[in-house]
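Just so we're aligned, residue 13 is where the sequence shown starts under this note's numbering, counting upward by one.
For glycine and all other residues, C-beta sits at the position ideal for the given N, C-alpha and C.
In what follows, a single structure is set out as structure tokens and then discussed.
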Amino acid sequence: ESLEDLKQAHLAQPKFSSELIAMIASEPRMYDTRRFSDVVKVNEIGREIEKEQRCAYQTKLEAAMTNKLQWFVSKQNKKLSGLVDKLVRHRKELLGQVERDRELLIGRVRTAMLRLDREMA
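If you want it as structure tokens, here you go:
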């Protein structure tokens, strides 16, 4: 599940409990039987339950997004760390090669100096 999927889920509606759905379904029957005071009570209770469920859904969704974001950041940090380690290894290899080349050139210069000294002597 990607971060985009979570953003789409953020726009989706929460799944309400069967209790709330039953309350909503009972309102028209109460209107038909003219139990208006009961409709008002059920409506208020339903709004409170809906508010609680939306809040819980939002909290759960935000926690999931936070976890997913932390996972992406962790993954990115691991990749970056691996790249830095690779660059450090490559730099050490290059420095070692430079040192070997330097030693080789110093040896060649010494040999050339010895030949030159022998030819002059």
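Exposure of residue i, with buried meaning 16 or more beta-carbon neighbours within 10 Å
| i | result |
| --- | --- |
| residue 108 | exposed |
| residue 58 | buried |
CB-CB length for residue i against residue j, believed under 8 Å
| i | j | result |
| --- | --- | --- |
| residue 69 | residue 26 | 3 Å |
| residue 65 | residue 28 | 6 Å |
| residue 54 | residue 35 | 5 Å |
DSSP state of residue i mapped onto helix, strand, coil
| i | result |
| --- | --- |
| residue 124 | helix |
| residue 29 | coil |
| residue 136 | With the chain represented from 13 up to 133, any question about residue 136 goes unanswered, as that position is not in the structure. |
| residue 24 | coil |
| residue 112 | helix |
| residue 41 | helix |
Original post:
Mind pulling the beta strand (DSSP E) runs of 3 or more residues that sit fully within the stretch 56–104?
Top reply: Within the stretch 56–104, no complete beta strand (DSSP E) run reaches 3 residues.
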